[in-house]
Amino acid sequence: MSRLRAGCVGTGFIAGRHLDALATFPDVDVVAVADPVVERARDVASRNGATAYADGLALLETEQLDAVWLCVPPAAHGPLEDAALERGLPFFVEKPLAVDLPTAVRIAGAVRAKNLLTCVGYHWRSVSLVEQAKQLVADDPVHVMTGTWWDSTPRAPWWSRRDGSGGQLLEQTTHLFDLARVLVGEVASVQALETRTPRAEFPEADVPTASAVLLRFRSGAVGTMTSSCLLDRRHLVDLRLVLQGRTLDLRERALSDHELRTETAAGERSWRSTEDPVAREDRAFVDALLGQPARVPVSYDEALRTQALVCAADRSAREDGRVIDVDGELAGALGG
Ligand SMILES: NC(=O)c1ccc[n+]([C@@H]2O[C@H](COP(=O)([O-])OP(=O)(O)OC[C@H]3O[C@@H](n4cnc5c(N)ncnc54)[C@H](O)[C@@H]3O)[C@@H](O)[C@H]2O)c1
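And the structure:
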């Protein structure tokens, strides 16, 4: 295979980023897109020379594809992955895997059974500064970590509902939990608290507006992660680490704007990157699909561990700070 026929289900914000990237690849033709907001699907289809569908399942039933990008809100996961799996169709799926853990565990089992190529949109893993940070922590492990996601409330109606997005931990801070796994290692247990402030401009909202998570890593390192969606703009999205005699700070200002800063007794150094990690992850997935030597940045199975970690933190917050063992959370979902 030297060219790919691709489809995209969901034509909102992040689908636009993927479609823009795919349009620059000479070996990919986006042939079909789907969205229940039909005008949006038609508009995106006409700009990409693709066929528009109102229903992603109909798209998957009708089109002969080599891969599909699933860019739907968190609560829409399940039936689309099942349909792709039925057809043995490789898929790229945006994070989070689902609003819960059992759905993701079930899909991961089927992906494994079919040995299907998958990729998950934890785009930080395609930021080269993260690779650089990985090298810095390789010989000098992390002792304490603090993550911050202090932001506004996204306007998409599904976001403010826990049954639509899963809440801020699952929908946004999940990126930092994933990054923590990359730079600090696997988490043994979590303990979390959350609070919700009612707001007149979001009358339907039931998601927590602030949360704090304590993490105990298997390595013995400890960490905290705080999140809030009460601001009028993104204030701070970063992960700060303490190594022996050095701090390390990875910050995201926007999807294509990252900064890495380290400080030691000798002084401070910083690097900025404006590369597009969405295009990089898409390219890696396409190369893997075309059989070229490439490492898929985040497989479904790998993302499942992040999903288990975030679901454990979310459960702890709902249960007023009960300490939750992350392996136990995953084992419980596997057994259930
Ligand atoms: N990797 C990242 O940094 C990043 C950034 C933004 C969003 N995301 C993730 O991407 C997903 C979508 O977010 P978004 O910002 O594009 O949201 P969005 O609201 O802009 O777009 C979602 C689109 O999906 C459509 N949709 C809803 N249910 C559908 C279904 N069953 N089938 C087909 N289409 C359906 C909606 O009509 C909408 O057009 C979320 O899971 C979000 O977490 C990831």
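For the sequence shown, the numbering used here assigns the number 110 to the initial residue and increments by one for each residue that follows.
Cβ atoms here follow ideal geometry from the backbone N, Cα and C, with glycine treated the same way.
Quick caveat: nothing in here was measured; it's all calculated off a predicted structure.
Check: Between the CA atoms of L238 and T371 - distance to the nearest angstrom; Outcome: 12 Å
Check: Proximity below 9 Å, CB of L339 to CB of T262; Outcome: yes
Check: Near ligand 1: T120 beta-carbon under 8 Å from a heavy atom; Outcome: yes
Check: Same chain only: Cβ atoms within 6 Å of E303, ignoring 5 sequence neighbours per side; Outcome: P317, S320 and A426
Check: Which of helix, strand or coil DSSP assigns to W233; Outcome: helix
Check: In DSSP terms, what I123 is bridged to; Outcome: Note: I123 sits in no beta bridge, so no partner.
Check: C180, DSSP secondary structure in three states; Outcome: coil
Check: Under the three-state DSSP convention, the category S382 falls into; Outcome: strand
Check: Straight-line Cα distance separating D341 from A412; Outcome: 30 Å
Check: Rounded C-alpha distance that separates Q401 from V395; Outcome: 9 Å
Check: Strand pairing of Y162, partner residues [DSSP]; Outcome: A143
Check: Pairwise C-alpha distance: A375 and D315; Outcome: 48 Å
Check: Contacting residues, own chain, Cβ-Cβ under 8 Å from F134 (five flanking each side not counted); Outcome: D391, R392 and V395
Check: Rounded straight-line distance, which links the Cα of T282 to that of D164; Outcome: 29 Å
Check: Close-in-space but distant-in-sequence residues of the same chain around G187 (CB under 6 Å, 5 per side omitted); Outcome: T212
Check: Distance between P199 and A222 (C-alpha atoms, nearest Å); Outcome: 13 Å
Check: Where C117 sits in the DSSP three-state scheme; Outcome: strand
Check: Local Cβ density within 10 Å of W178, reported as buried at 16 or more and exposed below that; Outcome: buried
Check: Of the residues T160, L166 and D144, the one placed nearest L194, counting alpha carbons only; Outcome: L166
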